[in-house]
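The next block holds one structure in the form of structure tokens; read it before the comments.
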Amino acid sequence: MTADQLLIFFVGIVGGALRVGAPFLFVSLGECITEKSGRINLGLEGVLVLSAMSAFGASWLSGSPWIGVLAAAATGALLATLHGVLCSLPRVNDIATGIALMLLGMGLAFYLGKPLIQPQAPQLPAIALGNWSDSGAVRSALQVNALVPIGIALAVALWWAFANTRAGLLVRMAGDSANATRALGYSVSAIRIAATAAGGMVAGLGGACLTLFYPGSWNEGVSSGQGLIAVALVIFARWSPIRCVYASLLFGGAGAIGPALQSIGISWGYHLFNIVPYALTLLILVMTCRPGTTVSGSPGELSSNH
Amino acid sequence: MRNSLANVLLPTAAIAAALLLFGVFVGLAGVNPLDVWLLLFKGAFGDWYSWQNTLQRAAPLMLTALCVAVPARAGLVIIGGEGAMVLGGLGCAALAAAMPLPSGFVGTALVCLAGALAGALWIMLAGALRQYRGINETISSLLLAYVAIGLFKHLVEGPLRDPASLNKPSTPSLAEGLRITGIGGSDVHWGLVIGVAACLAAGLWFRMTPSGFAVRVVGGNPRAAQLVGLPASRLILLACALGGACAGLAGAVEVAAVHTNANASLIAGYGYAGILVAFIARQHPVAIIPVAILFGGFGAAGSLLQRRLGLPDASVLVLQGIAFVLILASEALRDVDWKAFLARINRFGPSEPSPIPMPQDKP
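Protein sequences, first through last, are from chains A and B. Take 48 as the starting number for the first sequence in this note's numbering and just add one per residue. Take 13 as the starting number for the second sequence in this note's numbering and just add one per residue.
Structural data, given as structure tokens:
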């Protein structure tokens, strides 16, 4: 490996962390909002795939990628609202509903997205971070999705809002004590449905990152468990939006190892390097979880279905 | 009695409602829903050819559904059956490629055992992570499924690849004598018998044996299990191993009876469809048999919908998704007091104040 190749590999990882990490960022922020209100939405995997499809479709039909982004957010919110409403019914468990929505979201996306496999949709603009270098490979590796700064700003805003706004405190209260919420005269179900819908909307932006930037096309393999990794990532980030940013970048970097190696001509073990993010998630779960105790920072009534 | 009636009626109503909604959904695409329903039935159960296709798909579904249902009885939601199934198929093909095996029943049993063992270890890993590290088994089992699929692709395209397989990387084919054959010359292979037998055996295990009962206690009331001193971790790992073994067996059967080698067509979503089957069967092993046949039928009809009506091949996935959502929602109806509900509907308009019994004046 020459110095040049090493630079390209290194830049590939950094650029890839921002590129591959973008969907992780949005889905983990979405899951963070949902879980703060006391529900787990495993269906964000389905939200991610369905909103990725609708982003691509809307961008292709309208010619504007930003319409695609809006469509993705709307689709995500719709599917997540279904989750929120279903979980408010008696005897309905949020984990099972999440699995159902994962399958439903993927089914709908593959069904409606069939005509979208061939065409090319207008893509989101890129922010060039690599202009300092005169190497073309470095420049192309450091093209960053325009949604990434929005995501980071959103993370900061959420972090602030959870601590300082009425809505943020209400969501946290619903997650920590349903009884306290009721005692203050608020509807627990309504808060949780709203938080789940908002979470789905944010996660939908992650779908837009997938089809409108990287990999930048729609096919049935566009997401393979990123939504689910993001759910696990929230545990690792201990329900803090700011830590979600770091965690997403870490996972993006792990996911970029395979493609970065391929870009310098090493194709051995491509599939093995692709399982690094999953293995890393498991490893991190092993390190953060303890039997019989809840992770610190966890909402008090997470997934308890009151 | 009332409860077991609800156990049958609610899922049936949910599936009927799912079919109805699915008809409306395809109706939006300009396809006549009546044609869709007719073709779904024809493609699934219309003639002997469809039945063969249906039963061929039902066999792995039964086994992957057990991978959800058996751990569910121990209180775990395991959804990574796809991974165990894929590794089971790989284990089966790898053993056959690694050493000469006796032809006939013994050899077939050995490759199937290899598949079951691979699946059992994989799901046990998810169970162990939960018991000893406190990791949510739903998330870990699905993450492990992606790891398993990655490993599978790496091994099939690399170390275990048959150099002769050019376009579609696959392992060397199983010898003729190791394969699972059709029953009486039909396309329905003995895997169906294995699936049905596994469902019945699991049902008997839970109902008739102390260990099966102990697993149900652990799942139903962990506190009670602790008080009577049941070895909860061991029982949970046992349930995971048995469930995983079933999914691994599904992969082995698919390899030995259908594909003859391990290749990417093994990753066909049986693990995910199995989750739905198990939930509709309310995690009851024996109820899995008819539900798996029904959804095997929908799967078989999918290609007919595609050919005749030009619907995308994912339409069956949509049907499955709708059915899954409705089956969960139907649980909410369980507690409804139907008599009061019907009485309220029958009484049109605003409800009148109930008459207050007055003491009758004697004339």
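We treat Cβ as the ideally placed atom computed from N, Cα and C, and that holds for glycine.
Leaving aside the five residues that flank Ala105 of chain B on each side, the residues in its chain whose CB is nearer than 6 Å to its CB run, in chain order, Thr183, Val267, Asn273, Ala274.
In chain order, Phe34, Phe37 place their CB closer than 8 Å to the CB of Val330 of chain B, counting only its own chain and leaving out the 5 sequence neighbours on each side.
Nearest in C-alpha terms to Ala312 of chain B, of all of B:Leu154, B:Val20, B:Leu51, is B:Leu51. Not one beta carbon of chain B lies nearer than 9 Å to the beta carbon of Ala175 of chain A.
Counting along the chain, Ala124 of chain A sits inside no beta strand (DSSP E); it lies in the alpha helix (DSSP H) bounded by residues 112-135. When C-beta atoms of the region 157-173 of chain B are compared with those of the region 182-197 of chain B, three or more pairs fall below 8 Å, so the two segments count as touching. By the Cβ neighbour-count rule, Ile339 of chain B is buried, with 16 or more other Cβ atoms within 10 Å of its own. Close partners of Pro72 of chain B in chain A (Cβ separation under 9 Å) are lacking, with about 17 Å as the shortest Cβ gap.
Gln295 of chain B sits buried, since 16 or more C-beta atoms from the chains shown fall within 10 Å of its C-beta.
Using a Cβ-Cβ cut-off of 7 Å, Ser152 of chain B is close to Leu329, Leu332 of chain A, given in chain order. Around the Cβ of Gln68 of chain B, a 10 Å sphere holds 16 or more other Cβ atoms; the residue is buried. Residue-level contact check: Pro324 of chain B touches chain A, since one or more beta carbons of chain A fall below 9 Å from its beta carbon. The DSSP assignment places 234-239, 244-265, 282-292 as complete runs of the alpha helix (DSSP H) inside the region 224-293 of chain B, in order along the chain (cut-off: 4 residues). In the structure shown, the three-state DSSP call for Ala255 of chain A is helix. Residues of the region 329-356 of chain B with a Cβ closer than 7 Å to any Cβ of chain A, in chain order: Leu329, Val330, Gln332, Gly333, Ile334, Phe336, Val337, Leu340, Ala341, Glu343, Ala344, Arg346, Asp347. Under the Cβ criterion of 9 Å, Phe117 of chain B is not counted among the residues facing chain A.
In the DSSP assignment, Gln273 of chain A falls outside any beta strand (DSSP E) and lies within the alpha helix (DSSP H) extending over 273-283. Judged by DSSP secondary structure, Ala175 of chain A falls within the beta strand (DSSP E) whose first and last residues are 173-175. Assigned with DSSP and collapsed to three states, Gln52 of chain A falls in helix. Against Val67 of chain A, chain B offers no close residue; the least beta-carbon distance is about 15 Å (beta-carbon pairs closer than 7 Å).
About 7 Å separates the CB atoms of Gly93 of chain A and Leu150 of chain A; that is less than 8 Å, so the two are in contact. Here the C-alpha atom of Ala99 of chain A lies approximately 44 Å from the C-alpha atom of Gly224 of chain B.
Across the region 296-325 of chain A, CB contacts with chain B closer than 7 Å involve Gly316, His318, Leu319, Asn321, Ile322, Tyr325, in sequence order along the chain. Distance from Gly85 of chain A to Glu348 of chain A at the Cβ level is roughly 5 Å; contact confirmed, criterion being Cβ atoms closer than 8 Å.
Flagged as an interface residue toward chain A: Ile91 of chain B, by a C-beta distance shorter than 9 Å. Considering only A:Ala250, A:Pro166, A:Ala184, A:Leu194, the residue with the shortest C-alpha distance to Ile174 of chain A is A:Leu194. Each residue's CA atom was taken as its position, placing Pro23 of chain B and Val240 of chain B some 35 Å apart. The shortest C-alpha to C-alpha distance from Ile142 of chain A to any of B:Ala140, B:Glu149, B:Val82 is the one to B:Glu149.
Among the residues facing chain A, Arg145 of chain B is included, as its CB has a counterpart in that chain under 9 Å away.
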